[in-house]
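Working notes, beginning with the structure itself.
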Amino acid sequence: MREKIAIGLSVVAAALLAYNLYQMFMVLPDEALQGAIYRILFFHAPAAMVGMVGYFVALAFSVLYLTGKNFLYDSLAASVIEVSLVFSIINLVTGSLWGRIIWGIWWTWDARLTSALVCVLIFFGYLMMRRAVDEPTQRARLSSALCIFGCVDVVIVYKSIDWFRTQHPGPVLDFRTGGGKMDPAMANIFWLNFLAILLMAIALVLVRTRQESTAREIDSLRRLAHAAA
Amino acid sequence: MRTVKHALLIARKDLAVELRTKESLNAAGAFAIVILVLFSFAFDPGPEEVREIGGGLLWLVFLFAGALVFNRSFARELPNDCLDTLLASPLSAGSLLVGKAFANFVMLLAIDLVSLVVFGIFFNVNWTRHVWELGVVFALGTWGISILGAVFGALTVDLRLRELMLPVIIYPLLIPLLIAAIELTKLLLSNGPPSPSDFLWAKMLIVFDVVFTALALALADTILVN
C-alpha cells in the first residue's frame, strides 16, 4: 500500500513539475529588474519551506517516539530529516547561484543565509550521530533528544534574522506581505511548484521510512542469529 | 530544593575529583593558552584589530577548551560502572545533569579567567574597565555552553568517536549563543557606548540559557536513563 501511495505521489509531483516548468520557461515573462534568474525563486523558496516544515514534523515524530517508544516514529523522524536536509541543501545551492548573479558573490554572512547553513549543520550532526550508534533503542532515544534540541535551536537561530541587519531580499509572498509584491500569475506557479516539491518530499519520506524499517528488521534478525549461534 | 542540593553534591564531587587529578583543567587551560599564542603568530593584529576580533577569539578559545572539559565530564564515570551507580542512586537524572553542568561551568569559568588575563597581557588590551559587565557576559555564555556540553556529553558518552561527535553536534547548536556573547564582549573590550541591539544580545543570552536549561531538565530522564 505504502509503495502505491509513494508511486502515486511521485507521478502527480512529476506531472505538476512538468507543467510548472513549461509555465516558468515558456509562458511567464522575465522579471523587470532581475531578468531570467528570478525563476530560481520557484525552487529556492519552496525547498526552504519544505525543509523547514520537515524539521518540525520530525520534532513531532521525535516527541511521539519518546512518549510511545514506537520505532516507526523514529524511522519517520530520521527519514523526514534526511529528506529535509536534501531540500535545505538545494535551498542553499540555488540561493548561492542567485546571489552570484544578482549580488556578484556566491556567499555572504547574512543572517538568513547563516541560519539556513546552521540548520544544515545541526541536522547533518543528527545523521552522523545516528550512524555512530549501533543499538537501535539507544539510537532512537538519542536521536529524538537531539532532534528536539536542534529544532528549539533552529527557532532561536531563525529569530536572529530580525535582530541582524540583513541583505537578503524581504518577503514577497502575499501571506507575508499582505499582497501586491508578486504578480498573481507568478504566485500561482510558485504555489503549484511548492505543492510539487512537497509531494516529492512526502514520496521520498515514504520510501526512506520503508528502507529504515527494513534495515532495522535485518539488524534485529542479524542480532538474533548472532545470539543463537 | 532537593534537586539543587543534589546537583551541588554532584558538582562538589566532580570539582573535588578534578582538583585532585587536574586532568581536564590542565589540558584545557594549556590548550586555551596555546590557541592564544598561535593566534598572535597567525594574524599579528594591531590594537584596533584586537578590539574588533578579540571577542570572537576569546569565545572560540572558551569553546575549544570547553570541548575537552565536556568530553571528560561523563566519560570519567565509565570505569567501574560509576555512571550506572549514580543513576541507580536516589539522585534524579535532572540533578545529575545540572550538577555535571555546574561543575563544567566552574571549570570553564576558571579557564575563561586565565584566558582573559593572558589575552590582556599578550595583546595589550585593558579589560578591567568593564570587569563586572564582562563577568556577567562570561557567566551567562559559559552557563549556556556548560549545560549543552553536559547534555551532549551524556548523550555521546558511550559512542564510538565520542571526541569527534561532541564538537560536531554542539558547535552548530551554540551559534546563537556565541553570536550574542561575541557581540557583547566586543562592545565591552572596545569601551564603546551600548546600542539598543546590544541589550537584545543580552536578552538572547538569557533566553538561550533559560530555554536550554529547562529543556535539559525536561529531557534529563530520556538523556541519561537507558
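Heads up: the protein sequence lines correspond to chains A and B, in order. Anchor point for the first sequence: position 145 equals 145 in this note's numbering, and the numbering is continuous, going up by one each time. The number in this note's numbering is simply the position in the second sequence, starting from 1, with 1000 added. The beta carbon of each residue, even a glycine, is placed where N, CA and C say it ideally should be.
Assignment of Gly-35/A by DSSP, reduced to helix, strand and coil, places it in the strand class.
Of all residues in the segment 1204–1222 of chain B, those with a C-beta nearer than 8 Å to a C-beta of chain A are Met-1204, Val-1207, Phe-1208, Val-1211, Phe-1212, Leu-1215, Leu-1219 and Thr-1222, reading in chain order. Taking 9 Å as the CB threshold, Met-128/A lines the interface with chain B. Residues of the segment 190–220 of chain A with a C-beta atom less than 8 Å from some C-beta of chain B do not occur. Phe-149/A has a beta carbon lying within less than 9 Å of a beta carbon in chain B. Short of 7 Å from the beta carbon of Ile-1053/B, and not among the five residues preceding or following it, lie these beta carbons of its own chain, in chain order: Pro-1045.
When the alpha-carbon of Ser-75/A is set against those of Leu-85/A, Ser-84/A, Thr-67/A and Ser-62/A, the nearest one is in Ser-62/A.
Taking all protein chains in view, the Cβ of Phe-1105/B is crowded by 16 or more other Cβ atoms within 10 Å, so the residue is classified as buried. Of the residues Glu-1049/B, Ser-1073/B, Val-1118/B and Phe-1138/B, the one whose Cα lies closest to the Cα of Trp-1059/B is Phe-1138/B.
If you ignore the 5 residues before and after Ser-79/A, its C-beta comes within less than 7 Å of the C-beta of Val-205, Arg-208, Thr-209 and Glu-212, all in its own chain and listed in chain order. Taking a Cβ-Cβ threshold of 7 Å, the residues of chain B close to Ala-145/A are Leu-1155, Leu-1219, Thr-1222 and Ile-1223, in chain order. Its Cα nearest to that of Pro-1172/B, the residue Gly-150/A stands out among Ile-202/A, Asn-188/A, Glu-135/A and Gly-150/A. Gly-125/A sits away from Ser-84/A, with the two beta carbons spaced by 9 Å or more.
Phe-1064/B has a beta carbon lying at 9 Å or more from every beta carbon in chain A. Taking 4 residues as the shortest admissible run, the segment 2–46 of chain A contains the following complete alpha helix (DSSP H) segments, listed from N- to C-terminal end: 2–22. Interface with chain B (9 Å Cβ-Cβ cutoff): Val-118/A is included. For Gly-125/A, the residues of chain B that pass the 7 Å Cβ criterion are Val-1168, Ile-1169 and Pro-1172, in the order they occur in the chain. Exclusion of the five residues before and after Val-12/A leaves Leu-199 as the residues of its chain whose Cβ lies within less than 6 Å of its Cβ. A distance of 9 Å or more separates the beta carbons of Ala-132/A and Leu-66/A.
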